[in-house]
Amino acid sequence: MSAEPTKQPSLYARKLLQKISALSPSASTESRQTLANWIVFNRKKADGLSEGILLSIGKALEQQDEQSSARILLLLRIVHQVFMLNCPLAAGDDNSADIEDKWEKSAQLRQKIAESNAVLLLKALANSSMRSEGQAEVDNMMDAWTKYNIFGPTLLDECKKGWTNNVPKDDAADSQEMDADKPPESTAESAKSEPDDSAEGPVELAASSKLDAEGSSIGMPVDAGKIPEDPVKNTPTVAAKADASSEAASEDAAPKRGSFANLGADAEIDYDGVDEAKVEPQEFLDAVKVISSIQIARDIGSDATMSISSVLSGIPPEVSVACSKILDQKSKGEAQTPVQDAISGDVLANLPSELLDMDLKRARQTIQSYREAIRQQRRARLHCLHLLMQSRCSFGSLDAARAFCGGEDGGEVDMNSVLRKLDSRRVALTDAMALEGLDVEEDDAEEERRMERDLKLPTWFPGQGGQGTEGMGMEQPAAKKAKFENI
1 MSAEPTKQPS LYARKLLQKI SALSPSASTE SRQTLANWIV FNRKKADGLS
51 EGILLSIGKA LEQQDEQSSA RILLLLRIVH QVFMLNCPLA AGDDNSADIE
101 DKWEKSAQLR QKIAESNAVL LLKALANSSM RSEGQAEVDN MMDAWTKYNI
151 FGPTLLDECK KGWTNNVPKD DAADSQEMDA DKPPESTAES AKSEPDDSAE
201 GPVELAASSK LDAEGSSIGM PVDAGKIPED PVKNTPTVAA KADASSEAAS
251 EDAAPKRGSF ANLGADAEID YDGVDEAKVE PQEFLDAVKV ISSIQIARDI
301 GSDATMSISS VLSGIPPEVS VACSKILDQK SKGEAQTPVQ DAISGDVLAN
351 LPSELLDMDL KRARQTIQSY REAIRQQRRA RLHCLHLLMQ SRCSFGSLDA
401 ARAFCGGEDG GEVDMNSVLR KLDSRRVALT DAMALEGLDV EEDDAEEERR
451 MERDLKLPTW FPGQGGQGTE GMGMEQPAAK KAKFENI
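The UniProt record's numbering puts the first residue of the sequence shown at 1, with every later residue one more than the last.
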């Protein structure tokens with residue numbers, strides 16, 4: 001049997017692979033920029049370009065040497081330049097309507113490359129020999145992606161996880177020490193990133209009680225009757241044992257992987273404090289429905305919150321200081337400084353129209369609704385996790401298999417037992433029919449002949465019309481006669 005033919009890469013995937021292969025790992029910024037311009041120019045072929053980058057990643061990982069790591073870093077630099085090309089915020093004074101138009105048109109390309117290539121590149125680089133050399137450069141890239149809002153917070157969070165979760169212990173510890181030495185930055189850009197549910201620890205009891213008191217503000221309440229009183233309270237040792245297991249796991253260095261296809265890790269689940277119980281499939285379905293329903297409101301609120309954060313980030317420092325001063329004077333009952341005296345006229349004249357037209361009350365309600373959606377989704381996820389722990393991740397598949405295939409007493413599921421039962425029932429049915437005098441051994445050919453039905457020949461077939469014309473057995477139409485007579 002011949003092997004199944006492999007799928008041929010698309011035209012633009014082959015073109016991009018050829019162009020990337022022609023670049024050396026230490027290619028200049030101008031060479032990379034030229035390739036980035038070509039990629040953005042062909043933005044309508046986003047799928048083919050993403051496929052070409054993916055093929056380049058696989059080709060680089062096959063080398064398993066220093067050149068492999070260098071080429072991974074080269075690909076990441078090219079992807080970064082594609083992301084930053086025609087960015088209006090990065091252009092500054094050089095911004096124009098043409099740049100903004102190109103930026104909007106290449107949004108689909110950035111989204112496709114970020115989803116299919118950026119995360120894989122970061123994971124591959126984190127597991128390569130050049131992770132230490134590329135640490136600072138990757139941090140600068142991610143800072144730029146966050147600052148200029150290259151793509152949404154969800155993709156940005158996946159990129160950060162792809163890099164930090166695959167950095168070995170020594171590098172991760174150094175990175176944490178460097179972050180601890182840095183002073184906290186009170187910039188409005190930090191409000192842009194969506195809260196990370198997966199990185200959060202156990203939910204505090206005070207926060208849970210506060211959530212119960214606040215209720216639902218977005219019209220999608222979580223069924224409180226199906227949520228345990230407090231999953232954390234019922235499992236007091238889960239957090240401590242999880243920390244201990246994570247410390248023990250971090251002692252062993254992560255093995256070097258030659259492929260980016262499988263970068264996951266297995267983890268043992270501690271069920272202490274959660275009693276095992278049977279959970280109906282409908283309960284899982286209801287919990288997942290709540291999570292997906294709230295996700296719609298969360299996505300809508302994310303866009304609005306990002307817009308508000310972008311507008312607030314444009315407030316000049318002089319305005320922030322003046323507002324804080326006037327608010328402090330108002331709280332103390334002192335005479336308030338006039339706005340004209342606290343802020344210069346040039347600053348007031350240059351305030352963006354989006355900031356002046358902002359409805360503060362509505363913006364505050366939008367942020368509160370977004371925050372409530374995040375909290376409700378977190379509670380729904382806790383409920384779903386509690387159901388998984390309670391059911392011990394058993395969804396009834398073995399019970400269904402035993403009911404159909406045997407093994408009701410806890411034995412092994414065996415399809416052969418089903419076949420044997422069916423065969424024994426067939427033999428018993430055949431014997432019963434034979435006792436009644438029925439012929440069960442009917443010949444197959446006779447059965448086929450009995451099922452056949454003779455079809456009548458068409459009336460126009462020779463010999464079917466009685467008297468024929470010239471031995472044809474039928475009378476020809478008048479029109480046909482006229483044709484023959486005129487010949």
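Note that beta-carbon positions come from the ideal geometry of N, C-alpha and C, so glycine has one too.
Bear in mind the structure is a predicted one, so any value in this text is a computation, not a measurement.
Check: So is I294 buried or exposed if we call it buried at 16+ other beta carbons inside 10 Å?
Finding: The count along the sequence shown starts at 1 and reaches residue 294 at position 294. Buried, since its Cβ has 16 or more Cβ neighbours within 10 Å.
Item checked: Exposed unless 16 or more other CB atoms sit within 10 angstroms - verdict on C393 -> If you number the sequence shown from 1, residue 393 lands on position 393. Under the 10 Å beta carbon count, C393 is surrounded by fewer than 16 other beta carbons and is classified as exposed.
Note to self: Comparing C-alpha positions only, which one of I39, K325, L285 sits nearest to F395?
What the structure shows: As a position in the sequence shown, residue 395 is number 395, starting the count at 1. Ranking I39, K325, L285 by Cα distance to F395 puts L285 first.
Check: For the alpha helix (DSSP H) that K278 lies in, which residues bound it at each end?
Finding: Taking the first residue of the sequence shown as position 1, residue 278 is located at position 278. Neither: K278 is in no alpha helix (DSSP H) and is coded neither H nor E.
Item checked: Limits of the unbroken alpha helix (DSSP H) element including R32 -> Position 32 of the sequence shown, counted from the first residue, corresponds to residue 32. Boundaries of the alpha helix (DSSP H) around R32: 29-41.
Margin query: Residues in the same chain with beta-carbon distance under 7 Å from S26, minus the five sequence neighbours each way, listed in chain order, please.
Written below: In the sequence shown, residue 26 corresponds to position 26, counting from 1. Here the set comprises nothing.
Next item on the list: Report the option in I326, A401, G345, V427 whose CA atom is closest to the CA atom of M415.
Entry: Numbered from its first residue, the sequence shown carries residue 415 at position 415. The option with the nearest alpha carbon to M415 is A401.
Item checked: Backbone secondary structure at K117 - three-state DSSP -> The residue given as residue 117 occupies position 117 in the sequence shown. What sits at residue 117 in the sequence shown is Asn, not Lys. It is helical.
Check: Just the Cα atoms here: how many angstroms apart are K332 and S50?
Finding: The residue you call residue 332 lines up with position 332 of the sequence shown. The residue you call residue 50 lines up with position 50 of the sequence shown. Cα to Cα, the separation comes out at about 59 Å.
Next item on the list: Check whether the Cβ atoms of V11 and G48 lie closer than 8 Å to each other.
Entry: Walking along the sequence shown from the start, residue 11 turns up at place 11. Walking along the sequence shown from the start, residue 48 turns up at place 48. The sequence as given places Leu at residue 11; Val does not occur at that position. In this structure, G48 lies closer than 8 Å to L11 by Cβ.
Next item on the list: Just the C-alpha distance for K361 and G314, rounded to the nearest angstrom, thanks.
Entry: Taking the first residue of the sequence shown as position 1, residue 361 is located at position 361. Taking the first residue of the sequence shown as position 1, residue 314 is located at position 314. Spanning the two alpha carbons is a distance of roughly 19 Å.
Notebook entry, point to check: Is I53 near I113, with beta carbons less than 8 Å apart?
Noted result: Here residue 53 refers to the residue found at position 53 of the sequence shown. Here residue 113 refers to the residue found at position 113 of the sequence shown. Yes; because the gap between Cβ atoms is below 8 Å, this pair is in contact.
Check: Would E372 be called buried (16 or more neighbouring beta carbons within 10 Å of its own) or exposed?
Finding: Position 372 of the sequence shown, counted from the first residue, corresponds to residue 372. Taking every protein chain shown into account, the CB of E372 has 16 or more other CB atoms within 10 angstroms, so this residue is buried.
Item checked: Classification of W103 by the beta-carbon crowding that lies within 10 angstroms, buried from 16 upward -> The residue labelled residue 103 in the question sits at position 103 within the sequence shown. W103 should be labelled buried.
Notebook entry, point to check: How many Å lie between W163 and G134 at the Cα?
Noted result: The sequence position of residue 163 within the sequence shown is 163, counting from 1. The sequence position of residue 134 within the sequence shown is 134, counting from 1. Going from the Cα of W163 to the Cα of G134 covers about 11 Å.
Next item on the list: Starting from P462, trace the alpha helix (DSSP H) both ways and give me its first and last residue.
Entry: As a working note, residue 462 is residue 462 in the sequence shown. Run containing P462: none; DSSP gives neither H nor E here.
Next item on the list: Look at the alpha carbon of M130 and the alpha carbon of S69, and state the distance between them as a whole number of angstroms.
Entry: Position 130 of the sequence shown, counted from the first residue, corresponds to residue 130. Position 69 of the sequence shown, counted from the first residue, corresponds to residue 69. Between M130 and S69, the alpha-carbon positions lie close to 6 Å from each other.
Notebook entry, point to check: Where do the ends of the alpha helix (DSSP H) carrying R131 lie?
Noted result: The residue given as residue 131 occupies position 131 in the sequence shown. Run containing R131: none; DSSP gives neither H nor E here.
Next item on the list: Taking R32 and S106 to be in contact with their CB atoms under 8 Å, please state how far apart those CB atoms are, rounded to whole angstroms.
Entry: As a first step, residue 32 must be located in the sequence shown, where it is residue number 32. As a first step, residue 106 must be located in the sequence shown, where it is residue number 106. The beta-carbon separation of R32 and S106, rounded to 17 Å, does not stay under the 8 Å limit for a contact.
Check: Are there 16 or more other CB atoms within 10 angstroms of the CB of G301, so buried, or fewer, so exposed?
Finding: Taking the first residue of the sequence shown as 1, we reach residue 301 at position 301. Result: buried.
Notebook entry, point to check: Roughly how many whole angstroms lie between the Cα atoms of F41 and D328?
Noted result: The residue labelled residue 41 in the question sits at position 41 within the sequence shown. The residue labelled residue 328 in the question sits at position 328 within the sequence shown. Rounded to the nearest whole angstrom, the C-alpha separation of F41 and D328 is 53 Å.
Item checked: M433 classed as buried or exposed, judged by whether at least 16 other C-beta atoms fall within 10 angstroms -> For the purposes of this step, residue 433 is taken as the residue at position 433 of the sequence shown. Counting Cβ neighbours within 10 Å, M433 comes out exposed, since fewer than 16 surround it.
Check: Would V279 pass as a contact of Q390 if the rule is Cβ separation under 8 Å?
Finding: Mapped onto the sequence shown, residue 279 falls at position 279. Mapped onto the sequence shown, residue 390 falls at position 390. For V279 and Q390, yes; Cβs fall inside 8 Å.
Next item on the list: State the DSSP-derived secondary structure class of A335, mapped to helix, strand or coil.
Entry: Position 335 of the sequence shown, counted from the start, is the residue given in the question as residue 335. Three-state DSSP puts A335 in coil, outside helix and strand.
Check: E62 to L120, Cα distance in whole Å?
Finding: What you label residue 62 is simply residue 62 of the sequence shown in a count that begins at 1. What you label residue 120 is simply residue 120 of the sequence shown in a count that begins at 1. Their backbone Cα atoms lie some 15 Å apart in a straight line.
Check: According to the neighbour-count rule (16 or more other Cβ atoms, all chains shown, within 10 Å of its Cβ), is L457 buried or exposed?
Finding: Against the sequence shown, residue 457 aligns to sequence position 457. Counting other Cβ atoms within 10 Å of its Cβ, L457 stays below 16 and is therefore classed as exposed.
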